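Engineer: Residue numbers (numbering that gives the first Met the number 0): 0 to 137. C-beta: ideal position from N, C-alpha, C; glycine also. Quick caveat, the model's predicted, so the values are computed rather than measured.
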Amino acid sequence: MPVQLQQKTSVKQLTPSIELSVSSTEFQNKRIIFIKYNGQIDSTFDVSAPDSSTLFELQSNFESDTFMIEKKCLLGDNLDLKLSVLINHVSKLIYTKAKGGEAKNLIVSLSSKLFKTDSGLSDFDVIILILQSLSEII
């Protein structure tokens with residue numbers, strides 16, 4: 000049975016009726032990220048950890064534009080480009096901040112409604128808000 004090491008959550012109220020919740024649960028061999036829109040999740044991706052040379056390059060040069068992760072859609076629409084971009088940025092942030100050069104596989108569960116909201120935020124602003132929330136808790 001895996002031992003849970005750490006769990007943290009960040010909740011932001013986008014509008015009076017829209018809540019964004021980002022949480023991270025870390026285990027010895029895996030990290031699980033939940034990005035909820037009003038408590039809802041409808042897509043899940045399994046992200047493979049990068050190899051050690053890719054991880055070293057990423058941690059020494061965060062500006063790397065060539066970082067692409069290997070991900071598998073477990074649930075939801077695997078053709079949604081916006082979710083794919085978000086998963087790549089979330090993974091890049093997490094692997095850049097990996098402690099001691101150790102990278103774990105990720106499970107990222109999120110809501111596809113993040114980009115279909117009437118919050119008044121652009122897609123770019125939604126991604127930035129999610130990354131800021133995630134960086135507060137990892």
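Nearest CA to the CA of Gly75: which residue from Leu19, Ala102 and Thr43?
Structural biologist: Of Leu19, Ala102 and Thr43, the residue nearest in Cα terms is Thr43.
Engineer: Between which two residues does the alpha helix (DSSP H) harbouring Lys29 extend?
Structural biologist: Where Lys29 is concerned, there is no enclosing alpha helix (DSSP H), although the beta strand (DSSP E) it sits in stretches over Lys29 to Tyr36.
Engineer: Look at the alpha carbon of Phe66 and the alpha carbon of Asp79, and state the distance between them as a whole number of angstroms.
Structural biologist: Near 19 Å, if we compare the C-alpha coordinates of Asp79 and Phe66.
Engineer: How long is the line joining the alpha carbons of Asp122 and Leu57, rounded to whole angstroms?
Structural biologist: If I take the Cα positions, the gap works out to 25 Å.
Engineer: Output yes if chain B places a C-beta closer than 8 Å to the C-beta of Asp124; else output no.
Structural biologist: In the structure shown, chain B cannot be found, because there is only a single protein chain.
Engineer: Could you please give me the residues that DSSP links to Leu74 through a beta bridge?
Structural biologist: DSSP output for Leu74 lists Thr43 as bridge partner(s).
Engineer: Whole angstroms are fine: how far does the CA of Ile17 sit from the CA of Ile137?
Structural biologist: Their backbone Cα atoms lie some 23 Å apart in a straight line.
Engineer: Out of Glu135, Leu4 and Ile40, which has the shortest C-alpha to C-alpha gap to Thr24?
Structural biologist: When only C-alpha atoms are compared, the closest one is Leu4.
Engineer: Touch check for the segment 26–43 and the segment 101–111: three-plus C-beta pairs under 8 Å?
Structural biologist: As far as the Cβ criterion goes, the segment 26–43 touches the segment 101–111, which means the pair count is three or higher.
Engineer: Measure from the alpha carbon of Leu13 to the alpha carbon of each residue in Leu54, Lys7, Lys35 and Pro49, then state which is nearest.
Structural biologist: The option with the nearest alpha carbon to Leu13 is Lys35.
Engineer: Along the chain, where does the beta strand (DSSP E) that runs through Phe26 open and close?
Structural biologist: Per DSSP, Phe26 belongs to the beta strand (DSSP E) from Ile17 to Phe26.
Engineer: Whose CA, out of Ser20, Ser118 and Ser83, lies closest to the CA of Gln39?
Structural biologist: Comparing Cα positions, the closest option is Ser20.
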